[in-house]
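This report refers to the structure that appears directly beneath it.
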Amino acid sequence: MSADFGLRLKTIREEKGMKRDEVAQKIGTSQAIIGRYERG
Numbered sequence: 001m002s003a004d005f006g007l008r009l010k011t012i013r014e015e016k017g018m019k020r021d022e023v024a025q026k027i028g029t030s031q032a033i034i035g036r037y038e039r040g
């Protein structure tokens, strides 16, 4: 997973005012996985 993807994910999530757990629930994964993606 590229660092660019993680940065884009975090930026878009924050722009939408969403928490990691909200994104995780929408795509069917865990909050921890979203955090790992965002950290690269």
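The sequence shown: position 18 = 18 (full-length UniProt numbering), numbered continuously. Positions of the beta carbon are idealized from the N, C-alpha and C atoms, including for glycine.
Counting other Cβ atoms within 10 Å of its Cβ, E22 stays below 16 and is therefore classed as exposed. In this structure, DSSP gives T11 a helical state, which the three-state scheme calls helix.
Rounded to the nearest whole angstrom, the CA to CA distance from K19 to G35 is 10 Å. No Cβ-Cβ contact shorter than 7 Å links G28 with G6.
If you draw a straight line from the Cα of A3 to the Cα of Y37, it is about 8 Å long.
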